[in-house]
Amino acid sequence: MVTTSLLSIRDLRAYYMLGDTVVKAVDGVSFDVGEGEIAAIVGESGSGKSTLGLAIIKLLPYPGRITGGKVLFRGVDLVDLPEEEMAKIRGREISAVFQDPLTSLDPLIRVGDQIVETIMSHFDLSKDEARKQAEKYMKLVGIPPQRFYDYPHQFSGGMRQRIMIAMAIATRPKLIIADEPTTALDVIVQAQIMELFKKLKEELGLSIILITHDIALAMEVADKIGVMYAGHLMEYGSSIDIYEKPVHPYTRGLLEAVPNIETSDMKLRYIKGNPPDLASPPSGCRFHPRCPYRMDICSSKEPPTVLLNGRIVKCFLVGEE
Amino acid sequence: MASLKAYIITRILLTIPMIFILLTLVFFIMRILPGDPVLAIVGMKASPEQIERLRRELGLDKSWLEQYIDYVAMIFRGDLGRSMIWGRRPVVREIWDRFPATLELTIFGFTVSVLIGLLTGVLAALKPETKVDVSLRLYGIVAYALFIPLLGMLFQLVFGVYLRVFPVAGRKSPLVDVPVITGLYTLDSILSGSIVGFFDALWHLFLPSLTLGIVLSGVYTRLVRTSMVEVLREDFIRALLARGIPRDRVVFVHALKNAFIPVLTMMGLQFALLLAGAVLTETTFSWPGIGTFLVERIEYRDYTTVQGTIVFYALLVSFVSLAVDIIYAIIDPRIRY
Chain B
1 MVTTSLLSIR DLRAYYMLGD TVVKAVDGVS FDVGEGEIAA IVGESGSGKS TLGLAIIKLL
61 PYPGRITGGK VLFRGVDLVD LPEEEMAKIR GREISAVFQD PLTSLDPLIR VGDQIVETIM
121 SHFDLSKDEA RKQAEKYMKL VGIPPQRFYD YPHQFSGGMR QRIMIAMAIA TRPKLIIADE
181 PTTALDVIVQ AQIMELFKKL KEELGLSIIL ITHDIALAME VADKIGVMYA GHLMEYGSSI
241 DIYEKPVHPY TRGLLEAVPN IETSDMKLRY IKGNPPDLAS PPSGCRFHPR CPYRMDICSS
301 KEPPTVLLNG RIVKCFLVGE E
Chain F
1001 MASLKAYIIT RILLTIPMIF ILLTLVFFIM RILPGDPVLA IVGMKASPEQ IERLRRELGL
1061 DKSWLEQYID YVAMIFRGDL GRSMIWGRRP VVREIWDRFP ATLELTIFGF TVSVLIGLLT
1121 GVLAALKPET KVDVSLRLYG IVAYALFIPL LGMLFQLVFG VYLRVFPVAG RKSPLVDVPV
1181 ITGLYTLDSI LSGSIVGFFD ALWHLFLPSL TLGIVLSGVY TRLVRTSMVE VLREDFIRAL
1241 LARGIPRDRV VFVHALKNAF IPVLTMMGLQ FALLLAGAVL TETTFSWPGI GTFLVERIEY
1301 RDYTTVQGTI VFYALLVSFV SLAVDIIYAI IDPRIRY
């Protein structure tokens, strides 16, 4: 299937300026997301994946800053866009759903009114019309519209995340950034939310960037998978390719670490060592201290990003240049 | 709502012992203080017989315990008794005559303090750790530490004596005549359609309410700042921005409403301080309210009036804190009693 790129990220850098130390949370990341595509960004905590998500919508918390690169959304570079223009894109073109649904809603305002507020800040509608829209989207995500007048604390975590999703889609955006949308929820609710994402993708033609630490979950729903490690995108390609033939040693490590009840030995596999401190990352390839295939060159030179049969790999194993 | 009713009843029942303890304290402190109302009325030159007769009349010849029992019995009949000096007017009437002046001053002082507090607090929170923030936090401490009569006299000197733009005492100009309806001059002048009266009342209110307002605003400045900084860090603020809700709306509607909850608690707690501040403000600006009255009657050792006024204050404070709790439940849907 040929898809046109909705979002092209080129050499994006987002740093946190903490006095004298600079934390390079996202350091030269490039990838494309096509229309109607779910792209999962997978990585351990502290790999920079959440920073990447926030950098795309330019909502980095202080003292975070985009220090370089481009975020091309339908050909427009968001990095250079002034704040007023960006505010029109946020919500309307690109929406976001965050990790903790329990704290992501204003606790003092009825959920229905929060959805209506979102709709009315992007469309010129009367309150009644906006209300009808809100109820429509509540139904779409599986919330009975009669709960319009309930407050956030009257909903369960899963229900609140559905409300967050209803708000994210109520403005009919092209892209949703979902940052660990199910991490705070139990597995059954997680499966329901993921089904909902797939349904939205199919019915509304949405593109979704799913940021998660769970590569198994990513495999289930995503068309593309990107693996982030210490601010670098190590591998990016279609999820089938990555599942069947992971190239980067880190991706292999992650896939091996997924518990599998079919493997008989009942051992938990993991990647030895810890992710590096992003204020002073290792020289060369950032994964080299933990890499089982480490070569001499790995500690001295940063590996190039190589295009390999439609996927991107950042490793010396697949090519010198 | 049934539980709210139960809560209100419990709260009202709890105020009874509180008022009782306060009353007992005031009763004995007044009597321990040297002097008594008789001396205040007839002076030092009165004959012993005269003094004796008056003491008997006022019931002061009995032991403290007997007096106390008599007084408590009277309170339980819902009677605050009569003043011990001059006209021997009922204490309730005395209070009622002066209460509107105090109420008007406290309403304006309170409004000024909250407005200044919200404005400075939000401003500081929006630019944390900048020069603006640091100076506003400094303002918060200094304002809180200021002594009302000192600030009041400073204002009187600058605006009243040097610049001659604001009156330094009283509630209205001698020639302005507005019929008293509620006793709140601003309201009365509106009700009787007197524009001159309205502005005259505001003109007189300006310095006293500014003095009271500034001193009380310090707490709000710091509290609003802290609370606002905290709320602005919350996930839902980021989520609102991510949905493209305009930043001004996020800050001034969503964040401010949430930041207001601890401020509301403080308002309830500050109310007693507001009344105390009003006493100082009234004496500084010769404001004919309960504060001036109370100070005067303490000097005359008008036992019943002082006791009655304290009971009145206590009732007022507990009523306001109850009202704050109810408003709380209205603003914050998570709170149920």
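Keeping their order, the protein sequence lines are chains B and F.
Heads up: the first sequence begins at 1 in the working numbering, then just goes up one per residue.
Heads up: the second sequence begins at 1001 in the working numbering, then just goes up one per residue.
Idealized CB from N, CA, C, for every residue including glycine.
Report back the beta-carbon spacing between Gly-226 (chain B) and Val-42 (chain B) to the nearest angstrom; my notes put them in contact at under 8 Å.
Contact between Gly-226 (chain B) and Val-42 (chain B) holds: their C-beta atoms lie close to 7 Å from each other, under 8 Å.
Within a Cβ cutoff of 6 Å, which residues of the same chain sit near Ser-1173 (chain F), ignoring the five residues on either side of it in sequence?
Contacts found: Asp-1200.
Selected residue, minimal CA-CA separation from Phe-1312 (chain F), among F:Arg-1031, F:Gly-1059, F:Leu-1080, F:Ile-1237
The residue with the shortest Cα to Cα distance from Phe-1312 (chain F) is F:Leu-1080.
Would a check of beta-carbon distances place Asp-113 (chain B) closer than 9 Å to chain F?
Not flagged as an interface residue toward chain F: Asp-113 (chain B), since no C-beta distance is shorter than 9 Å.
Kindly say whether Ser-104 (chain B), judged by its beta-carbon, lies nearer than 9 Å to any beta-carbon of chain F.
Interface residue, yes.
Beta-carbon proximity list for Glu-135 (chain B), same chain, < 6 Å, skipping 5 on both sides
Excluding its 5 nearest sequence neighbours in each direction, Glu-135 (chain B) has C-beta neighbours in its own chain below 6 Å: Pro-145, listed in chain order.
Output yes if chain F places a C-beta closer than 9 Å to the C-beta of Asp-100 (chain B); else output no.
Interface residue, yes.
Beta-carbon contacts of Glu-93 (chain B) that lie in its chain and below 6 Å, excluding the five residues immediately before and after:
Pro-173, Lys-174, listed in sequence order.
Please name the residues in the segment 1205-1218 of chain F whose beta-carbon is closer than 9 Å to at least one beta-carbon of chain B, in chain order.
Within the segment 1205-1218 of chain F, not one residue has a Cβ closer than 9 Å to any Cβ of chain B.
Terminal residues of the beta strand (DSSP E) in which Tyr-1303 (chain F) lies:
Note, Tyr-1303 (chain F): premise wrong, no beta strand (DSSP E); alpha helix (DSSP H) at 1303-1331.
To the nearest angstrom, how far is it from the Cα of Leu-196 (chain B) to the Cα of Leu-1123 (chain F)?
One C-alpha to the other measures close to 42 Å.
Any beta carbon from chain F within less than 9 Å of Ile-215 (chain B)'s own beta carbon?
Under the Cβ distance rule, Ile-215 (chain B) does not count among the residues neighbouring chain F, no pair being separated by less than 9 Å.
With respect to the beta strand (DSSP E) encompassing Val-33 (chain B), which residues constitute its N-terminal and C-terminal limits?
Where Val-33 (chain B) is concerned, the enclosing beta strand (DSSP E) starts and stops at 21-34.
Counting only beta-carbon atoms, is Ala-1329 (chain F) nearer than 9 Å to chain B?
Not closer than 9 Å to any Cβ of chain B, the Cβ of Ala-1329 (chain F) fails to qualify, so no.
Contact check, Val-221 (chain B) vs Lys-198 (chain B) under 8 Å by CB: the rounded distance?
Confirmed, about 6 Å.
State the CB to CB distance for the pair Gly-1197 (chain F) and Val-1176 (chain F), rounded to an integer number of angstroms; the pair is presumed to be in contact (CB under 8 Å).
Contact flag correct, Cβ pair sits at about 5 Å.
Measuring only the C-alpha atoms, how far is Thr-67 (chain B) from Gly-53 (chain B)?
Near 15 Å, if we compare the C-alpha coordinates of Gly-53 (chain B) and Thr-67 (chain B).
Between Lys-1172 (chain F) and chain B, is any beta-carbon pair separated by less than 9 Å?
No, Lys-1172 (chain F) lies away from the interface with chain B (no Cβ there is under 9 Å from its Cβ).
I believe Leu-254 (chain B) touches Ile-215 (chain B) by the beta-carbon criterion, under 8 Å. Please report the beta-carbon distance rounded to the nearest angstrom.
Contact check for Leu-254 (chain B) and Ile-215 (chain B): beta-carbon distance about 5 Å, within the 8 Å limit, so the pair qualifies.
For Tyr-236 (chain B), tell me which candidate among B:Val-26, B:Pro-181, B:Ala-40, B:Leu-12 has the shortest Cα-Cα distance.
Of B:Val-26, B:Pro-181, B:Ala-40, B:Leu-12, the smallest CA-CA separation from Tyr-236 (chain B) is found for B:Ala-40.
Is there contact here, the segment 12-29 of chain B with the segment 54-64 of chain B, by at least three beta-carbon pairs under 8 Å?
At 8 Å Cβ cutoff, the stretches touch.
Entirely enclosed alpha helix (DSSP H) segments - the segment 1109-1162 of chain F, minimum 4 residues
You should have 1131-1145, 1148-1155.
Would you mind telling me which residues of chain F sit closer than 8 Å to Tyr-151 (chain B), beta carbon to beta carbon, in chain order?
Within 8 Å Cβ-Cβ: Pro-1333, Arg-1334.
Roughly how many angstroms lie between the CA atoms of Thr-3 (chain B) and Arg-286 (chain B), to the nearest whole one?
The predicted model places Thr-3 (chain B) with a pLDDT of 48, which falls under 50 and marks its position as unreliable; any figure quoted below should be read in that light. Going by the C-alpha atoms only, they are around 32 Å apart.
Status (buried if at least 16 other CB within 10 Å, exposed otherwise) for Met-17 (chain B):
It counts as exposed.
For Ile-1245 (chain F) and chain B, any beta-carbon pair shorter than 9 Å?
Cβ-Cβ to chain B under 9 Å: yes for Ile-1245 (chain F).
Contact belief for Trp-1287 (chain F) with Arg-1171 (chain F) at Cβ below 8 Å, rounded distance in angstroms
About 7 Å separates the CB atoms of Trp-1287 (chain F) and Arg-1171 (chain F); that is less than 8 Å, so the two are in contact.
For a quick check, are the C-beta atoms of Met-1153 (chain F) and Thr-1304 (chain F) less than 9 Å apart?
Result no, Cβ atoms of Met-1153 (chain F) and Thr-1304 (chain F) do not sit closer than 9 Å.
Name the residues in the segment 1227-1245 of chain F whose C-beta lies less than 9 Å from a C-beta of chain B; which are they?
Answer in chain order: Arg-1233, Glu-1234, Asp-1235, Phe-1236, Ile-1237, Arg-1238, Ala-1239, Leu-1240, Leu-1241, Ala-1242, Arg-1243, Gly-1244, Ile-1245.
Is there at least one non-hydrogen atom of the ligand NAP closer than 8 Å to the beta-carbon of His-248 (chain B)?
Questions concerning the ligand NAP fall outside what the structure shown contains, since it holds no ligand whatsoever.
Assuming Gly-1121 (chain F) and Gly-1213 (chain F) make a contact with CB atoms under 8 Å, what is their CB distance in whole Å?
Taking 8 Å as the upper bound for CB-CB distance, Gly-1121 (chain F) and Gly-1213 (chain F) are not in contact here, some 14 Å apart.
Between the Cα of Pro-61 (chain B) and those of F:Leu-1232, F:Phe-1285, F:Val-1251, spot the shortest distance and give me the residue it belongs to.
Measuring from the Cα of Pro-61 (chain B), the nearest candidate turns out to be F:Leu-1232.
May I have a chain-ordered list of the alpha helix (DSSP H) segments no shorter than 4 residues that lie completely inside the segment 116-145 of chain B?
Qualifying alpha helix (DSSP H) stretches, in chain order: 127-140.
C-alpha gap between Thr-1338 (chain F) and Val-1215 (chain F), whole angstroms
Within the shown structure, residues of chain F are numbered from 1001 to 1337, placing residue 1338 (chain F) beyond reach of any answer.
Do we get a CB-CB distance below 9 Å when we pair Lys-1257 (chain F) with the residues of chain B?
It does; some Cβ of chain B falls within 9 Å.
Give, in chain order, every residue of the segment 84-95 of chain B whose Cβ lies closer than 8 Å to some Cβ of chain F.
So the list reads Ala-87, Lys-88, Ile-89, Arg-90, Gly-91, Arg-92, Ser-95, given in the order they occur along the chain.
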